[in-house]
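Engineer: Protein chains in written order, with the UniProt record's numbering: chain A, 1 to 459; chain B, 1 to 459.
The C-beta atom is built at its ideal place from N, Cα and C for all residues, glycine as well.
Here's a structure for you.
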């Protein structure tokens, strides 16, 4: 545990005034995300307002070898915010300016603290949108740092595909810009992709340039109920394999549907369900719908129930995005433990069957939901964080689920990141490539001050 | 210049027998690509047949600090193959096995020496294809190493988006696998994207796992002639901005059309032309065609001339892919100097106008062609490589074109890479981020033996 030197405290306090804080409540809030991981509070919090200020903070911390942890909306699910060695939390939420939008080039540049909902509200009048939507209203800096995705990834890709350029403060305070606004480039190492998904361990992202998309001419959304999970998943796999360009294809199990009904005041049939959304010109959408309906029918799916107005559609997806909260709120004093894996689609049925078997023997309430078009699904447990037996039980189930996904050629996390929660599985998945990751970390952050203890084990 | 130690020569010769060679012709061939860059032959060539053999060669060279340069099909355009410090060329062309194809998961794994045409011939019967198509019949290892793209990138992305996983031999001989087969992952640094585009400077790619696509149900291709380049480019920009999912949208200027007609026995009207291809279900294609035709008409485009049979279509794209050879063959003893830049589409008209102005004052024959849907275009000069005045003249034009593209927010190379040819522009484009690239290079290849003198200046 680093002890915060008095000189650093004084320097930050003098420089940032009441934007520097050591109050207990603020520190506790900045030391945890939304999941079961207990808070490990930083020693102090600074609210930065510019890239240059972030650079100043990092320089001051580097001089004293004090850890620096970036904070956006606090929606991490895998312990990314735990100050396991103390240090300074750099809160970027006030860096929430939308700096530039180009409707001509379908791109924009935002400060890291802009949230996805803020951006889409801003874009709507211009007929544009940014598709990446993790359930939470996360910041775009945080989404870049964890390589986030969400329901639209099956059509539009993840943050990996949709970040064009970044402004980054390096561990010694230097400021660089990675990538550029051209849609493609073969000029140099792909530093953008190196920082996307680096979880704050190589530097702090302060600005993000993103691809945008025109709002589709036609949008249709529908739910389809299936007699069994296998038939629902079988339909999803067939849609992917035929290359039908669905915009969303979400699986929800009966437990999730019940929770969502209660939380969002809906009355969906509590059965295994796929939720679809179709984007395109009217003819293209008609074609997609007909193809998907035929596949669903082949797999025993019931009639499509359409969300025909924009309001109905928004209500549906809002309910889906609140699934995590819906599940956790079903049990008093519970915290959510949301694990996610992703496998090649051909292995999806086997992997989910295995997970269901594990859950059948687990005493903690849990549901399965997922972005099945990508082979990605989540299990959300509503766990009592004060009950060690429950935590141990969930950890054991999680371990078996993750190792099964890796054995099937998949990954230990499709979109939540490693944080502290999945460090144990990185080598099981990547083998000796982890040593190369450590070499890169050591070269870029030789003092080890950037979000220590996340992704790679502490040395 | 490294002198190849006798002990290394003997060790490689003893181990690889007649797959190790020092003949002058073979060395000269391995020291250059297809462009104007003069050959800088390696000291020796080894034909590797397995990843483990590549690892052995690298270990032997590392022990003697002798450079190692990977060689695939030899189609580089920016001097990537020049052995500027001598060393050993590792020829991967015999590593041409297609190791695995999954129609279910739409992916495959191939050895690095498999060419794109070989792969697509193999896939055709399974109803699959791999879309990335630089003009040349390059190897997939080489295409990954230069972050190649081509005519389909506007719809399907580049190698950046289509490589899932790599097997790489590191500079000390260790073998790692990056990434995985899951469509998305948030597990660890994105090593796959770090090696894609690294031009052999961080390791040697020996196997590549790629995304595949189902052959579209409907394919249509058409040419459209325009009264002026501005109107052709204006149409392309409008198509992009409306998000019409064209599969190909290629610009060809009158000089290129004339060369292609002569080279490929066609009789296209010699005017500024866009070539389109549309992929999808029949209704989706009908919708795309109608939208694009309307936009072309608004911009003064003539009627679409359709390539209606697969044979006509193949002939058209084959001619387009041979454009480089077509231009160079128009002038005796000429070599091609193909430069490429890429800018945000909103800047495309201005950039191309500037380039045309430069070419109007240039004595060396040159044409403009490009993947304009991405904002990417090429100028191909047919230059006399023995005429220093011509080389200087082209270099000056190239410099102005590149600096203009960078000033417009673009990149000095959209798809050809840096090699030796564009080292001078990397810092102009990326600023201090180049120092971070050098830090990464130093950390991964501390001896500096991997393709030295490419991308980053020699230290």
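Could you check what DSSP says for residue 96(B) in three-state terms: helix, strand or coil?
Structural biologist: In the three-state reduction of the DSSP assignment, residue 96(B) falls in the coil class, being assigned neither a helical nor a strand state.
Engineer: By the three-class DSSP mapping on this structure, what secondary structure does residue 460(B) have?
Structural biologist: Look at the range of chain B in this structure, 1 to 459, and you will see that residue 460(B) is not part of it.
Engineer: Assign residue 40(A) to one of two classes, buried (16 or more other C-beta atoms within 10 Å of its C-beta) or exposed (fewer than that).
Structural biologist: buried
Engineer: Is there a Cβ from chain D that is less than 8 Å from the Cβ of residue 343(A)?
Structural biologist: Structure shown: chain D not included; protein chains present are A and B.
Engineer: Across the stretch 134-144 of chain A and the stretch 112-121 of chain A, are there enough close Cβ pairs to call them in contact, namely three or more that are closer than 8 Å?
Structural biologist: Contact between the stretch 134-144 of chain A and the stretch 112-121 of chain A is present: 3 or more CB-CB pairs across the two stretches fall below 8 Å.
Engineer: Considering only the alpha carbon of each residue, which of 48(A), 288(A) and 361(A) lies closest to residue 393(A)?
Structural biologist: 361(A)
Engineer: Kindly confirm or deny that the stretch 154-169 of chain B and the stretch 200-214 of chain A touch, where touching means at least three C-beta pairs closer than 8 Å.
Structural biologist: Between the stretch 154-169 of chain B and the stretch 200-214 of chain A, the count of Cβ pairs shorter than 8 Å is below three; the stretches do not touch.
Engineer: Please name the residues in the stretch 222-236 of chain A whose beta-carbon is closer than 9 Å to at least one beta-carbon of chain B, in chain order.
Structural biologist: none
Engineer: At 4 residues or longer, and completely inside the stretch 158-192 of chain A: list those alpha helix (DSSP H) runs for me, N to C.
Structural biologist: 159-162
Engineer: List the residues of chain B whose Cβ lies closer than 8 Å to the Cβ of residue 241(A), in chain order.
Structural biologist: 103, 104, 106 and 214
Engineer: Since residue 229(B) is in the alpha helix (DSSP H), which residue starts that stretch and which ends it?
Structural biologist: 229-241
Engineer: How many whole angstroms separate the CB atoms of residue 91(A) and residue 30(A), which I take to be in contact at a CB cut-off of 8 Å?
Structural biologist: 7 Å
Engineer: For the stretch 412-433 of chain A, which residues have a CB atom closer than 8 Å to at least one CB atom of chain B, in sequence order?
Structural biologist: Against chain B - using a Cβ distance shorter than 8 Å - the residues of the stretch 412-433 of chain A are 412, 413, 414, 415, 416, 417, 418, 422, 425, 426, 429, 430, 431, 432 and 433.
Engineer: Taking the beta strand (DSSP E) that residue 210(B) falls in, what are its first and last residues?
Structural biologist: 204-211
Engineer: Below 7 Å on C-beta distance, what does residue 374(A) contact in chain B?
Structural biologist: 183 and 184
Engineer: Can you tell me the Cβ-Cβ gap for residue 127(B) and residue 215(B), rounded? I've got them flagged as a contact below 8 Å.
Structural biologist: 5 Å
Engineer: With a cut-off of 8 Å on the beta carbons, I'd call residue 452(B) and residue 67(B) a contact; round off their distance for me.
Structural biologist: 5 Å
Engineer: For residue 154(A) and residue 391(A), what's the separation of their Cα atoms in angstroms?
Structural biologist: 32 Å
Engineer: Looking only at its own chain, which residues have a Cβ that is under 6 Å from the Cβ of residue 227(A), when we skip the five neighbours before and after it?
Structural biologist: Leaving aside the five residues that flank residue 227(A) on each side, the residues in its chain whose CB is nearer than 6 Å to its CB run, in chain order, 300.
Engineer: Take residue 147(A) and list the residues in its own chain whose beta-carbon comes closer than 8 Å to its own, dropping the five residues that flank it on each side.
Structural biologist: 158, 159, 160, 196, 197, 415 and 417
Engineer: Taking 6 Å as the limit between beta carbons, can you name the residues of its chain near residue 59(B), skipping five residues before and five after?
Structural biologist: 173
Engineer: So that I know if they touch, is there some Cβ in chain B lying closer than 8 Å to that of residue 146(A)?
Structural biologist: yes
Engineer: Do residue 45(A) and residue 89(A) have their C-beta atoms closer together than 8 Å?
Structural biologist: yes
Engineer: Using DSSP with H/G/I as helix, E/B as strand and the rest coil, what is residue 408(A)?
Structural biologist: coil
Engineer: Quick check: is any heavy atom of the ligand SAH less than 7 Å from the C-beta of residue 90(B)?
Structural biologist: The ligand content of the structure shown is nil, which means the ligand SAH is not present either.
Engineer: Identify the continuous alpha helix (DSSP H) that holds residue 61(B) and give its terminal residues.
Structural biologist: 51-63
Engineer: Counting Cβ pairs, one atom from each stretch, are 3 or more of them under 8 Å apart for the stretch 330-348 of chain A and the stretch 296-314 of chain A?
Structural biologist: no
Engineer: Would you verify that the beta carbon of residue 158(B) is, or is not, closer than 8 Å to some beta carbon of chain A?
Structural biologist: yes
Engineer: Under three-state DSSP, which class holds residue 6(A)?
Structural biologist: Annotated three-state conformation of residue 6(A) is helix, per DSSP.
Engineer: Excluding the 5 residues preceding and the 5 following residue 253(A) in the sequence, name in chain order all residues of the same chain whose CB lies nearer than 7 Å to its CB.
Structural biologist: Hits under 7 Å: 229, 272, 367, 368 and 369.
Engineer: Using the Cα positions of residue 335(A) and residue 401(A), report the straight-line distance between them to the nearest angstrom.
Structural biologist: Distance between the alpha carbons of residue 335(A) and residue 401(A) is about 20 Å.
Engineer: Near residue 404(B), what residues of its chain come up, given a Cβ to Cβ distance below 7 Å and the 5 sequence neighbours on each side ignored?
Structural biologist: 351 and 354
Engineer: Give the single residue among 218(B), 258(B), 26(B) and 274(B) whose Cα lies nearest to the Cα of residue 285(B).
Structural biologist: Nearest Cα to residue 285(B) within the set 218(B), 258(B), 26(B) and 274(B): 218(B).
Engineer: Under 8 Å, Cβ to Cβ, is there at least one residue of chain B near residue 91(A)?
Structural biologist: no
Engineer: Does the stretch 78-87 of chain B come into contact with the stretch 419-436 of chain B, if we say contact requires no fewer than three beta-carbon pairs (one atom in each stretch) closer than 8 Å?
Structural biologist: yes
Engineer: Residue 124(A): buried (16+ other C-beta within 10 angstroms of its C-beta) or exposed?
Structural biologist: exposed
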